[in-house]
Amino acid sequence: MKTKTVELVAAPPSPHFVGDGFRVHNFIPGGFRMDMKRMDPFIMMDYNSKYVFPPATKPKGVGVHPHRGFETVTIAYKGRVAHHDSGGGGGVIGEGDIQWMTAASGVLHKEYHEEAWSKKGGEFQMVQLWVNLPKKDKMSPPKYQAIKYDTINRVALENNAGTIEVIAGEYQGTLGVASTFSPVNMMNAKLKKGGKASFQFPANFNTVLLAIEGSFIINGTEQVPTDHLALMANDGDQFEVEASEDSVILVLSGEPLNEPIAAQGPFVMNTREEIAEAIDDYNLGKFGHLED
Amino acid sequence: MSSGKFLTYIASHLNRDEAEISSIVASCSFKNVKKGSYLLQANEHCNHGFFVETGLLRQYSIDKKGKEHTISFVPEDWFVTDRDSVFFNRPSKYFIQAQEDSQVVLIDQNYEKLMSEKIPNFAEFNNRLLHNHISQLQERIDLLLGATAKERYLHFIKMYPDILLRVPQTMVASYLGITPEGLSRVRKDLALKNFKK
Chain W
8 MKTKTVELVA APPSPHFVGD GFRVHNFIPG GFRMDMKRMD PFIMMDYNSK YVFPPATKPK
68 GVGVHPHRGF ETVTIAYKGR VAHHDSGGGG GVIGEGDIQW MTAASGVLHK EYHEEAWSKK
128 GGEFQMVQLW VNLPKKDKMS PPKYQAIKYD TINRVALENN AGTIEVIAGE YQGTLGVAST
188 FSPVNMMNAK LKKGGKASFQ FPANFNTVLL AIEGSFIING TEQVPTDHLA LMANDGDQFE
248 VEASEDSVIL VLSGEPLNEP IAAQGPFVMN TREEIAEAID DYNLGKFGHL ED
Chain S
177 MSSGKFLTYI ASHLNRDEAE ISSIVASCSF KNVKKGSYLL QANEHCNHGF FVETGLLRQY
237 SIDKKGKEHT ISFVPEDWFV TDRDSVFFNR PSKYFIQAQE DSQVVLIDQN YEKLMSEKIP
297 NFAEFNNRLL HNHISQLQER IDLLLGATAK ERYLHFIKMY PDILLRVPQT MVASYLGITP
357 EGLSRVRKDL ALKNFKK
């Protein structure tokens with residue numbers, strides 16, 4: 008066992024709006040050493056840090072747009088979001104729920120604040136990730152996994168340190184409920200002040216930790232403040248986290264696909280030709296239809 | 177600051193070494209324009225041609241009722257100007273606005289004069305650009321007068337493959353001369369025909 012060290016701790020980049028319903032810090036791709044290749048298979052991460060939306064009769068959000076070649080994963084920490092797609096899928100996610108949409112060969116979808124929630128308004132906090140798909144699965148049929156908070160498997164940590172909620176992958180033998188196309192670990196570590204948790208992932212897995220609530224220290228040395236993202240180096244296979252206050256930490260670790268990436272807007276494929284084909288297919292209605 | 181794309185574009189179209197024309201191209205000014213800001217507004221005189229190195233511009237007019245009509249979208253490697261205003265020295269009727277953060281080259285008459293003097297095939301190249309533009313405008317008039325909404329749309333996606341992903345559909349509808357509902361119907365009909373679950 009060798010310690011996985013911290014490569015960098017990134018402050019949240021200046022926020023921008025996606026549509027009018029998501030005020031996000033875009034950590035991936037971009038910034039310093041966090042491009043798609045380095046972060047593979049986590050090719051996009053938008054973090055809507057806590058933000059208060061005032062009451063609105065017309066729900067805010069993002070209108071109809073396409074995706075092809077990857078999965079979108081929305082993790083709701085606060086607030087409620089309704090989702091619809093051109094395959095007839097849809098649903099509402101609220102606090103603790105996860106919407107795991109495999110866009111694969113292509114869907115149109117739209118995401119809005121859930122109507123009743125929008126009327127009341129309130130604190131909103133979410134993470135949206137794009138998880139890349141292996142070449143062989145990019146054109147597989149779209150699917151949708153609605154993961155309710157109470158179905159997520161939990162591991163109670165020793166010494167009353169807190170709980171690990173395993174969304175995907177595995178923690179100390181407990182499996183996540185989400186099915187994935189390549190090895191991906193995704194979990195929320197809910198630690199009490201002073202609580203410790205250790206993690207083991209292969210050295211080559213790309214690994215990040217996002218401080219959703221509170222702050223924590225990695226390997227006894229690196230402090231990660233609220234809303235900051237720690238990128239782990241690929242130099243070891245285990246690390247330890249200690250909460251400096253009651254904390255919620257999103258932990259992601261995935262095996263890089265190591266396949267060529269061609270990306271434009273909402274399409275992530277392996278070649279430029281496949282991107283051009285995605286654009287043509289979108290223009291010609293091959294992603295279906297969804298009313299705005 | 178230029179990304180160098182304009183120089184590469186001109187050199188390759190003129191079949192010249194970049195070194196040969198770099199000092200003339202360097203006489204052009206470059207501008208970073210933020211999304212939403214204008215390179216030209218109605219009633220101003222247009223003094224430049226614009227070449228888009230990165231980003232996206234849109235040329236449009238506003239009618240007496242306040243409705244926008246998109247004349248053209250101008251993505252990377254495209255030129256735009258108001259030839260009427262530049263050539264006849266008249267106030268423009270058009271707006272040229274950045275739809276995305278863009279890097280733009282401002283081309284003035286000095287550049288054209290220098291290029292014409294120093295580069296023998298520049299006039300021919302410039303003439304070709306002008307005729308391309310006229311040919312495009314002719315086709316656009318023909319489509320607006322005689323083509324169905326679907327035909328206009330199919331022509332649009334060939335000419336501007338990725339624009340639907342970059343601007344609101346209302347702007348595309350205003351380019352096609354149809355209502356946003358009309359555009360939505362065309363796209364829905366295509367989806368019903370082409371979408372295989």
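Going down the list, the protein sequences come from chains W and S.
Mapping of the first sequence onto the working numbering: residues 8 to 299, in sequence order.
Mapping of the second sequence onto the working numbering: residues 177 to 373, in sequence order.
All C-beta atoms in this analysis are idealised placements derived from N, C-alpha and C, irrespective of residue type, glycine included.
query	result
How is the alpha helix (DSSP H) around Met-146 (chain W) delimited, first residue to last?	Met-146 (chain W) -> no alpha helix (DSSP H), and no H or E assigned at all.
Within 10 angstroms of its Cβ, does Ala-18 (chain W) collect 16 or more other Cβ (buried), or is it exposed?	exposed
With a threshold of 6 Å on Cβ separation, who are the neighbours of Asp-53 (chain W) within its own chain once the five nearest residues in sequence on each side are excluded?	Val-31, Asn-33, Gln-135
Measuring only the C-alpha atoms, how far is Lys-269 (chain S) from Pro-251 (chain S)?	21 Å
Does the beta-carbon of Ser-392 (chain S) have 16 or more other beta-carbons within 10 angstroms, so that it is buried, or is it exposed?	With chain S covering only 177 through 373, there is no way to say anything about residue 392 (chain S).
What's the call for Gly-180 (chain W), buried or exposed, on a 16-neighbour Cβ count within 10 Å?	exposed
Could you run through the segment 320 to 337 of chain S and flag, in chain order, every residue whose CB is less than 8 Å away from some CB of chain W?	Ile-333, Pro-337
Which residue wins for smallest C-alpha separation from Tyr-84 (chain W), given the options W:His-90, W:Gly-103, W:Gly-96, W:Asp-92?	W:Gly-103
Counting C-beta neighbours from all protein chains within 10 Å, is the total for His-120 (chain W) 16 or more, i.e. buried, or is it exposed?	buried
Which of the three DSSP states is assigned to Met-335 (chain S) in this structure?	helix
Using only alpha-carbon positions, find the residue among W:Val-88, W:Val-69, W:Asp-253 that is nearest to Lys-117 (chain W).	W:Val-69
Hey, how far is the Cα of Ser-203 (chain S) from the Cα of Lys-181 (chain S)?	15 Å
Using a Cβ distance threshold of 8 Å, determine whether the segment 204 to 223 of chain S contacts the segment 269 to 287 of chain S, with at least three qualifying pairs required.	yes
Whole angstroms is fine: what's the gap from His-189 (chain S)'s alpha carbon to Phe-227 (chain S)'s?	14 Å
To which residues does DSSP link Trp-107 (chain W) through a beta bridge?	W:Val-80, W:Gln-152
Who does Lys-197 (chain W) pair with in a DSSP beta bridge?	W:Thr-170, W:Val-255
Using a Cβ-Cβ cut-off of 8 Å, state whether Leu-291 (chain W) counts as contacting chain S.	yes
Enumerate in chain order the residues of its own chain whose CB-to-CB distance from Tyr-287 (chain S) is below 7 Å, with the five nearest sequence positions on each side excluded.	Ile-200, Ser-203, Cys-204
Assuming contact is defined by CB atoms lying nearer than 8 Å, are Val-248 (chain W) and Ile-225 (chain W) in contact in what I supplied?	yes
Alpha carbon to alpha carbon, how far is Phe-371 (chain S) from His-331 (chain S)? Give it in angstroms, no decimals.	20 Å
Report the neighbours of Pro-273 (chain W) on chain S: residues whose CB is nearer than 8 Å to its CB, in chain order.	Leu-341
Give a yes or no on contact between the segment 216 to 224 of chain S and the segment 253 to 267 of chain S, applying the rule of three or more CB pairs nearer than 8 Å.	yes
Buried or exposed for Pro-273 (chain W), going by 16 or more other Cβ atoms inside 10 Å?	buried
Name the DSSP bridge partner or partners of Val-88 (chain W)?	W:Ile-100, W:His-120
Would you mind telling me which residues of chain W sit closer than 8 Å to Ala-187 (chain S), beta carbon to beta carbon, in chain order?	Under the 8 Å cutoff, chain W gives no residues; its nearest Cβ is about 23 Å from Ala-187 (chain S).
In this structure, does DSSP put Gly-358 (chain S) in helix, strand or coil?	helix
Compute the Euclidean distance between the alpha carbons of Ile-186 (chain S) and Thr-109 (chain W), then round it to the nearest angstrom.	43 Å
When burial is assigned at 16 or more other CB atoms within 10 Å of the CB, is His-74 (chain W) buried or exposed?	buried
Hey, could you find the ends of the beta strand (DSSP E) Met-41 (chain W) is sitting in?	Per DSSP, Met-41 (chain W) belongs to no beta strand (DSSP E) and is neither H nor E.
Does any residue of chain S have a CB that is nearer than 8 Å to the CB of Gly-295 (chain W)?	yes
Tell me which residues share the same chain as Lys-57 (chain W) and place their Cβ nearer than 7 Å to its Cβ, disregarding the 5 neighbours each side in the sequence.	Lys-85, Glu-130, Gln-132
Quick one: what does DSSP say Gln-275 (chain S) is sitting in, helix, strand or coil?	coil
Using the Cα positions of Gln-106 (chain W) and Ala-123 (chain W), report the straight-line distance between them to the nearest angstrom.	19 Å
Under 8 Å, with one C-beta from each stretch per pair, do the segment 183 to 200 of chain W and the segment 226 to 240 of chain W reach the 3-pair mark?	no
Below 8 Å on the Cβ atoms is my guess for Leu-238 (chain W) versus Glu-14 (chain W); work out the distance and round it to an integer in Å.	5 Å
Determine the closest residue to Asp-234 (chain W) out of W:Gly-243, W:Lys-155, W:Phe-223, W:Lys-11, with distance taken between C-alpha atoms.	W:Phe-223
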